[in-house]
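See structure below.
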Amino acid sequence: AQKVTQAQTEISVVEKEDVTLDCVYETRDTTYYLFWYKQPPSGELVFLIRRNSFDEQNEISGRYSWNFQKSTSSFNFTITASQVVDSAVYFCALSEARNTGTASKLTFGTGTRLQVTL
Amino acid sequence: KAGVTQTPRYLIKTRGQQVTLSCSPISGHRSVSWYQQTPGQGLQFLFEYFSETQRNKGNFPGRFSGRQFSNSRSEMNVSTLELGDSALYLCASSPGGGGLGNNEQFFGPGTRLTVL
Chain A
1 AQKVTQAQTE
11 ISVVEKEDVT
21 LDCVYETRDT
31 TYYLFWYKQP
41 PSGELVFLIR
51 RNSFDEQNEI
61 SGRYSWNFQK
71 STSSFNFTIT
81 ASQVVDSAVY
91 FCALSEARNT
101 GTASKLTFGT
111 GTRLQVTL
Chain B
1 KAGVTQTPRY
11 LIKTRGQQVT
21 LSCSPISGHR
31 SVSWYQQTPG
41 QGLQFLFEYF
51 SETQRNKGNF
61 PGRFSGRQFS
71 NSRSEMNVST
81 LELGDSALYL
91 CASSPGGGGL
101 GNNEQFFGPG
111 TRLTVL
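Sequence order for the protein chains is A and B.
Residues 1 to 118 (this note's numbering) are what the first sequence spells out, left to right.
Residues 1 to 116 (this note's numbering) are what the second sequence spells out, left to right.
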């Protein structure tokens, strides 16, 4: 069975601080995908990144960066110079890789609520 | 390109009633998945449809059902509503079409269902 653990329930930082959100996963699949989604108060899940299991390169997109380490089954997300607009709940998710043309079921972590204050 | 749309956005029902929620995927997307989000259970997978066929189903009772139409629009139905069905129901749209790269899912704004 797949499992995603986000141990940090809530994090509060002051604007411009860097913050790292942790994600640890469990799966028996050799090929899988990892995702991060952002959920602002409006409720919509906003896609941030997808990473497949055979690509361990870290990725940077503006103030966002992701550190994928297969050896520790972790896929951590760092926001550099946080801003108030980053306040949201962030979810890490895992899915199997299916070659059937259909979407795979996403297994979500419990989310980390990030509060950025001035 | 328009995003995923869900209707209605808010719904209030009473126990025992039934409800139908609608989801229109991104144009060209053929796969639609449904998720339930509650404070207690978090985000849980309900089911996924591709080309009008249910391809995968989560661990929910038979009161939860869905379908997909030829234009890829999907509906989910919950019969005999219970208080515990109060939740945010999210629909996700995915391209489909074959290959390992087609499972990127884009979510709609959700339908918030309150059961009284």
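Ideal Cβ placement from N, Cα and C applies to all residues, glycine included.
Here the structure is a predicted model, which is why all the values come from computation and not from measurement.
- With a 10 Å radius around the Cβ and a threshold of 16 neighbouring Cβ atoms, A:E56 comes out exposed.
- For A:I60, the pairing in a beta bridge is given by DSSP as A:S65.
- Here B:E82 is exposed: its Cβ has fewer than 16 other Cβ atoms, across all protein chains shown, within 10 Å.
- Distances from the alpha-carbon of A:A81 to those of A:L48, A:V14, A:E10 and A:D18 put A:D18 closest.
- The region 64-82 of chain B makes contact with the region 10-28 of chain B, as at least three CB pairs between them are under 8 Å.
- Taking 7 Å as the threshold, the shortest C-beta distance from A:K105 to chain B falls below it.
- When Cβ pairs closer than 8 Å are counted between the two stretches, the region 69-83 of chain A is seen to touch the region 12-26 of chain A, the count reaching three or more.
- About 6 Å separates the Cβ atoms of A:V116 and A:Q83, confirming a contact at the 8 Å cut-off.
- Cβ atoms of B:A92 and B:F107 come within 8 Å of each other, at about 5 Å.
- Take the alpha-carbon of B:V115 and the one of A:N52: they are about 39 Å apart.
- In the DSSP assignment, A:E26 falls within the beta strand (DSSP E) that extends over V24 to E26.
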